[in-house]
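What follows is a set of notes on a single structure, which appears directly below.
Residue numbers (our numbering), protein chains in the order written: chain A, 2 to 338; chain B, 2 to 338.
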């Protein structure tokens with residue numbers, strides 16, 4: 002009842018941000034470093050698995066907890082928790098994990114109406130292994146999520162949102178990439194802002210040209226990446242060179258630097274903010290997602306660059322203080338965008 | 002791989018405890034007291050919901066996390082984490098929640114081979130609402146779990162276990178009740194110990210005669226209950242009268258008293274132990290289940306009554322210090338049965 006009411010309320014308002022991203026349920030278990038070695042997993046990164054490989058890894062993992070995930074979906078959940086109006090476009094299957102994903106986004110007040118896929122791949126899942134050093138190693142079996150096609154896109158939703166936020170993870174498979182490009186063109190025609198997050202350095206080498214093509218076509222206003230990602234994308238020798246090159250191509254360039262904080266470049270302005278100290282880092286899953294949530298929620302309230310960066314680091318600090326990729330709905334009581 | 006190997010290892014060993022109980026996935030979300038009132042939910046108890054009612058409540062709940070549950074299954078998970086050899090009999094459906102339940106038990110080393118139900122009800126789930134006072138209010142949609150029939154029972158498994166542990170929640174529906182009675186008779190014929198947990202005071206009035214009939218037939222050696230449950234079962238005016246009456250009928254009577262600890266009666270012996278102080282009670286879900294795990298794990302190591310009660314209170318203290326009904330696999334590093 003409550004979720005429906007809040008859902009209806011969101012429908013009638015102007016949106017701050019609509020995201021296109023993976024619709025994923027996270028399956029999170031602690032593990033030790035030996036487990037990663039035994040299974041040939043590279044700590045801290047994301048890799049894609051097909052269903053048999055995902056099933057084999059799941060069988061080997063310890064008892065887990067399941068929570069809704071997906072990078073851009075986590076960002077939209079964060080924006081809603083911070084009091085913003087957000088919507089999500091992504092594809093689940095018509096199964097129990099799909100129902101969980103749908104419920105959790107709507108319960109947070111995020112508008113989510115992309116039709117579920119029937120009779121095809123199951124809802125995507127991400128097997129997340131958290132080592133004692135709080136690092137997360139992600140193994141994604143994208144399922145229905147990577148079958149997202151242009152006709153699932155509600156074009157009016159994109160036009161109604163101040164910012165369209167696109168997730169780099171979804172750049173690989175053709176259908177979702179076309180959907181994101183289509184959304185970007187609609188947003189551009191409607192005079193909206195387009196944000197893109199690079200998501201994962203391992204993904205970049207094979208997609209560099211395509212992503213740079215999108216940037217060169219003027220379809221990215223705000224670009225989010227970490228140090229590795231921007232260096233790889235710019236094919237630069239170092240971070241300074243990468244930042245100098247990329248900041249000429251986008252209105253706003255945001256580089257996250259983990260424990261070192263984040264930097265933002267906008268025209269001639271360059272602002273650096275430190276990370277918010279966290280006494281007990283439990284699980285770094287969702288740090289980048291919630292940084293983007295804080296940044297975008299503040300941006301939608303008209304805050305200046307430094308404040309947006311600060312809100313980003315505050316939201317990231319909240320999510321790494323707990324297990325799992327989404328903070329509670331009470332995030333807005335602790336962080337004010 | 003790991004889970005399979007550990008599973009095979011368990012198969013070849015003598016079992017400490019086999020349990021018959023609900024096979025349930027917990028869907029846990031925080032809520033406030035007003036939410037319970039609005040939805041007419043009585044705090045701290047368990048109620049059964051049919052699928053439409055469960056779906057309506059789920060829609061109204063906040064974003065949740067999913068973890069494997071089921072009272073007796075939690076107890077078996079606890080026994081395995083404490084180094085005991087345990088097995089579980091209960092019925093999931095052939096769906097994603099069923100796969101989660103199965104994986105998590107096996108990953109902890111609990112033997113679980115009951116065939117999944119195909120084409121019928123989905124895997125059971127329990128919508129658990131946790132209020133700020135750490136109380137849990139449970140709303141169970143039992144699904145396939147309550148269709149467990151005698152022919153799903155591996156009789157050899159029951160004969161091989163020192164203790165057969167039966168869950169009172171499963172007493173209501175006819176098929177699982179018959180399955181539990183059948184298992185009790187097999188255990189009795191094989192000279193094994195039979196334990197029964199009363200599970201929930203609200204369930205008792207309608208089942209008093211049946212449960213007392215089982216006790217009077219000599220099919221219960223160890224009886225677990227909390228104060229309300231034993232008073233209702235014995236139809237007594239007060240706890241002392243109930244304890245006096247019931248302790249004459251079973252070899253071992255265990256009464257849990259929440260923050261006041263637990264008492265145990267065995268023949269002429271009566272032992273009371275205090276609860277283990279917990280600085281920050283987060284969620285009381287699983288307290289009784291883990292108490293039984295600690296008690297039974299210690300009993301299987303030949304500990305005397307007082308030690309069994311103490312191990313029970315230690316395991317209960319661990320589970321209420323965290324969110325969710327099962328402690329980590331490292332429970333045995335903190336509690337020694």
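The beta-carbon is built from N, C-alpha and C at its ideal position, and this holds for glycine as well. Remember, predicted model here, so these are calculated numbers, not experimental data.
Under 8 Å by beta carbon: chain B residues contacting residue i
{"i": "residue 109(A)", "result": "63, 64"}
{"i": "residue 315(A)", "result": "The contacting residues do not exist; residue 315(A) stays about 20 Å from chain B at best."}
{"i": "residue 327(A)", "result": "64"}
Under 7 Å from the C-beta of residue i: neighbouring residues of chain A
{"i": "residue 101(B)", "result": "67"}
Rounded distance between the beta-carbons of residue j and residue i, thought under 8 Å
{"i": "residue 171(B)", "j": "residue 22(B)", "result": "6 Å"}
{"i": "residue 299(B)", "j": "residue 312(B)", "result": "4 Å"}
{"i": "residue 123(A)", "j": "residue 91(A)", "result": "The pair is not a contact, with the Cβ atoms about 14 Å apart (cut-off 8 Å)."}
{"i": "residue 255(A)", "j": "residue 205(A)", "result": "About 16 Å; that fails the 8 Å criterion."}
{"i": "residue 59(B)", "j": "residue 18(B)", "result": "About 33 Å; that fails the 8 Å criterion."}
{"i": "residue 168(A)", "j": "residue 72(A)", "result": "5 Å"}
{"i": "residue 115(B)", "j": "residue 81(B)", "result": "Not quite, the Cβ-Cβ distance comes to about 16 Å (not below 8 Å), so this is no contact."}
Exposure label - residue i; buried when at least 16 CB within 10 Å
{"i": "residue 178(A)", "result": "buried"}
{"i": "residue 315(A)", "result": "buried"}
{"i": "residue 334(A)", "result": "exposed"}
{"i": "residue 134(B)", "result": "exposed"}
{"i": "residue 5(A)", "result": "Any answer about residue 5(A) is weak, because its pLDDT of 38 lies below 50 and its placement is not dependable; what the coordinates show is given next. Counting Cβ neighbours within 10 Å, residue 5(A) comes out exposed, since fewer than 16 surround it."}
{"i": "residue 35(A)", "result": "exposed"}
{"i": "residue 87(B)", "result": "buried"}
{"i": "residue 328(A)", "result": "buried"}
{"i": "residue 75(A)", "result": "buried"}
{"i": "residue 119(A)", "result": "exposed"}
{"i": "residue 236(A)", "result": "exposed"}
{"i": "residue 2(B)", "result": "Any reading at residue 2(B) must be qualified, since the residue scores a pLDDT of 30, below 50, and its modelled position is unreliable; no value is offered."}
{"i": "residue 332(B)", "result": "buried"}
{"i": "residue 239(A)", "result": "exposed"}
{"i": "residue 271(B)", "result": "exposed"}
{"i": "residue 278(A)", "result": "exposed"}
{"i": "residue 13(A)", "result": "In this prediction, residue 13(A) scores a pLDDT of 47, lower than 50, which makes its location untrustworthy; the coordinate-derived value is nonetheless stated afterwards. The residue in question, residue 13(A), is exposed, as its Cβ has fewer than 16 Cβ neighbours within 10 Å."}
{"i": "residue 39(B)", "result": "exposed"}
{"i": "residue 337(B)", "result": "exposed"}
{"i": "residue 295(B)", "result": "buried"}
{"i": "residue 230(A)", "result": "buried"}
Of the listed residues the options, nearest to residue i (C-alpha basis)
{"i": "residue 101(A)", "options": "128(B), 104(B), 230(B)", "result": "128(B)"}
{"i": "residue 136(B)", "options": "38(B), 338(B), 283(B)", "result": "283(B)"}
{"i": "residue 126(B)", "options": "334(B), 281(B), 25(B), 297(B)", "result": "25(B)"}
{"i": "residue 79(B)", "options": "257(B), 292(B), 49(B), 104(B)", "result": "292(B)"}
{"i": "residue 84(A)", "options": "211(A), 16(A), 266(A)", "result": "16(A)"}
{"i": "residue 262(A)", "options": "303(A), 318(A), 218(A)", "result": "318(A)"}
{"i": "residue 141(B)", "options": "288(B), 75(B), 277(B), 51(B)", "result": "51(B)"}
{"i": "residue 155(A)", "options": "244(A), 338(A), 27(A), 20(A)", "result": "20(A)"}
{"i": "residue 297(B)", "options": "163(B), 207(B), 245(B), 39(B)", "result": "163(B)"}
{"i": "residue 207(B)", "options": "67(B), 174(B), 115(B), 320(B)", "result": "174(B)"}
{"i": "residue 285(A)", "options": "227(A), 259(A), 308(A)", "result": "259(A)"}
{"i": "residue 247(A)", "options": "216(A), 95(A), 45(A), 49(A)", "result": "216(A)"}
{"i": "residue 219(A)", "options": "233(A), 228(A), 195(A), 151(A)", "result": "195(A)"}
{"i": "residue 306(A)", "options": "269(A), 275(A), 265(A)", "result": "265(A)"}
{"i": "residue 1(A)", "options": "64(B), 132(B), 269(B), 130(B)", "result": "Examination of residue 1(A) is not possible in this model, given that chain A is present from 2 through 338 alone."}
{"i": "residue 227(A)", "options": "243(A), 192(A), 49(A)", "result": "243(A)"}
{"i": "residue 161(A)", "options": "147(A), 268(A), 190(A)", "result": "190(A)"}
{"i": "residue 147(B)", "options": "96(B), 233(B), 49(B), 97(B)", "result": "49(B)"}
{"i": "residue 214(A)", "options": "203(A), 234(A), 225(A)", "result": "234(A)"}
{"i": "residue 77(A)", "options": "165(A), 117(A), 131(A)", "result": "165(A)"}
{"i": "residue 149(B)", "options": "94(B), 105(B), 131(B)", "result": "94(B)"}
{"i": "residue 330(A)", "options": "269(A), 221(A), 105(A), 96(A)", "result": "105(A)"}
{"i": "residue 138(A)", "options": "89(A), 231(A), 46(A), 97(A)", "result": "46(A)"}
Interface partners of residue i on chain B, CB under 7 Å
{"i": "residue 59(A)", "result": "104"}
{"i": "residue 98(A)", "result": "97"}
Under 9 Å by beta carbon: chain A residues contacting residue i
{"i": "residue 1(B)", "result": "With chain B covering 2 to 338 only, the question about residue 1(B) has no answer from this structure."}
Residue i CB to nearest heavy atom of the ligand GDP below 7 Å
{"i": "residue 144(B)", "result": "Ligands are entirely absent from the displayed structure, and the ligand GDP is therefore not among its contents."}
C-beta neighbour in chain E for residue i, strict 8 Å
{"i": "residue 84(B)", "result": "This model lacks chain E altogether; the protein chains it does include are A and B."}
inquiry  = Count Cβ pairs between the region 189-200 of chain B and the region 49-56 of chain B that sit closer than 8 Å; are there 3 or more?
reply    = no
- prompt: Is the region 106-114 of chain B in contact with the region 185-195 of chain B, if contact means three or more CB pairs nearer than 8 Å?
  reply: no
Is it the case that the region 248-264 of chain A contacts the region 33-52 of chain A, given that we only count it when at least three CB pairs across the two stretches are under 8 Å? no
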